[in-house]
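In what follows, a structure is listed as structure tokens, so that the remarks can point back to it.
2 protein chains.
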Amino acid sequence: MSRPRAYLAGPEVFLADGAAIIAAKNDLALAYGFLPNGIAEDELNPAGLSPFEFGHRISLANEKAMRASDVIVANLTPFRGISADIGTAYELGFMCALGRAAYGYTNTVRPYFERLRDDYYHGAIARAADGATRGPDGMMVEDHGMVDNLMLDGGIETMGGILVRRQVEPARLWSDLAAFEDCLRAAAVRFGLAVRA
Amino acid sequence: MSRPRAYLAGPEVFLADGAAIIAAKNDLALAYGFLPNGIAEDELNPAGLSPFEFGHRISLANEKAMRASDVIVANLTPFRGISADIGTAYELGFMCALGRAAYGYTNTVRPYFERLRDDYYHGAIARAADGATRGPDGMMVEDHGMVDNLMLDGGIETMGGILVRRQVEPARLWSDLAAFEDCLRAAAVRFGLAVRA
């Protein structure tokens, strides 16, 4: 049997030490029996392209890689705000629509509700006249006990995956791969791969 | 010919006056010849369900509605941060994966790069040793001249849609539907519908 292909989604490409983390994730995926299918953006040549065209070229390459992949493992750790990287969210939806296996992880155990209440609204939420909990801007503060927006948690649930939450030290928010490995281990069982001890 | 179905994605459900805005969007979609396929969450009964189960029920209903839709019109106006609503991003990816027509709009003309540089990093970005522009946290500051993350802009481009940017008064950030209507007008042409003057 050929190795199942795993699309490793996440905002690592933006990190200062992103290349090393991506390499470590690729190595782990290989060790669990998957062929990692992330894109190395520097393989795409921007010469002669406008910034928009170059960005579109990356998008096309990523979509092609997703269509060729059997499973997505999405890093949903909050990125530049209270939610996951929005490009990763797009990719998770893309793979769920294709009916592919979907796994996710986040390196914080704080649910979306807490991040919204404390980090975004600084505690200033209250029950409104309509019975809903709302912020001072009138917006509803949803609490489904989920990691992030219900489409993300719900999509993974529908595709039979798991969404792993682990609390890591702040300095290791992006480099700690234990939760990522939890996903690989679960996906390896699903795909009938020999699982590491 | 039966009316094409339009999935109207966006964070309106969270707004204090969301119901009225959603009703106005549905009416406009109908006026342009589409059958709007948004979900009214209050049609789903949470009785006996855990918060997670109820959230998952909404997710399933939304995914079912998307699979039944011919086109998505996504409100990508920044929501609770520098990017679009993350649930909407998931839905845009979902529809692009299914090969459906994809349109988007945002009620600000400020590109992602400016929001990231000014609103998130407060101007503190600089060229790093590797030649990339980075914030003080070392993260890359991408500039593709796009509305948001390249997967969102790129997906709409690939599906042949348009991504409309309009600047509106702050008080009308969520209620101004001119850009939404631009999308409907373009989609109506694509679907061969009689277009309003």
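Respectively, the protein sequence lines represent chains B and U.
Once you know that position 63 of the first sequence is 63 in the working numbering, the rest is easy, because the numbers rise by one and skip nothing.
Once you know that position 65 of the second sequence is 1065 in the working numbering, the rest is easy, because the numbers rise by one and skip nothing.
We put the beta carbon where it would ideally sit given N, CA and C, even for glycine.
Those residues of the stretch 1135-1149 of chain U placed with their C-beta closer than 7 Å to a C-beta in chain B are 1138, 1139, 1140, 1143, 1144, 1145, 1146, 1148 and 1149, ordered along the chain. Inclusion of residue 1011 (chain U) and residue 1075 (chain U) in the CB contact set at 8 Å is warranted, their separation being smaller than that value. Residue-level contact check: residue 122 (chain B) does not touch chain U, since none of the beta carbons of chain U fall below 8 Å from its beta carbon.
For secondary structure counted as the alpha helix (DSSP H) over 4 or more consecutive residues, the stretch 1006-1086 of chain U holds these complete runs in sequence order: 1018-1031 and 1051-1067.
Between the stretch 84-95 of chain B and the stretch 1135-1154 of chain U there are three or more C-beta pairs closer than 8 Å, enough to call the two in contact. Going by beta carbons, residue 21 (chain B) and residue 104 (chain B) fall outside the 8 Å limit. Judged by DSSP secondary structure, residue 158 (chain B) falls outside any beta strand (DSSP E) and instead within the alpha helix (DSSP H) spanning 150-158. For residue 188 (chain B), the enclosing alpha helix (DSSP H) starts and ends at 178-190. Interface annotation, residue 1163 (chain U): not in contact with chain B, CB-CB separation never under 8 Å.
Sequence-distant partners of residue 1052 (chain U) (beyond 5 residues in either direction) whose C-beta falls short of 8 Å from its own C-beta are missing from its chain.
In terms of Cβ geometry, residue 14 (chain B) and residue 1144 (chain U) do not form a close pair [threshold 8 Å]. Of the other Cβ atoms in all chains shown, fewer than 16 fall within 10 Å of the Cβ of residue 1044 (chain U); this residue is therefore exposed.
Counted as a single uninterrupted DSSP element, the stretch harbouring residue 132 (chain B) is not any beta strand (DSSP E), since DSSP gives it neither H nor E. Under the 8 Å criterion on CB atoms, residue 89 (chain B) is classed as interfacial with respect to chain U. Among the bridge pairs identified by DSSP, residue 105 (chain B) is matched with B:75 and B:164. The count of Cβ pairs closer than 8 Å, one atom from the stretch 18-35 of chain B and one from the stretch 172-182 of chain B, reaches three, so the stretches are in contact.
The stretch 1164-1177 of chain U makes no contact with the stretch 68-82 of chain B, as fewer than three CB pairs between them are under 8 Å. Cβ atoms of residue 16 (chain B) and residue 1134 (chain U) come within 8 Å of each other, at about 7 Å. Beta-bridge partners of residue 1140 (chain U) (DSSP): U:1134.
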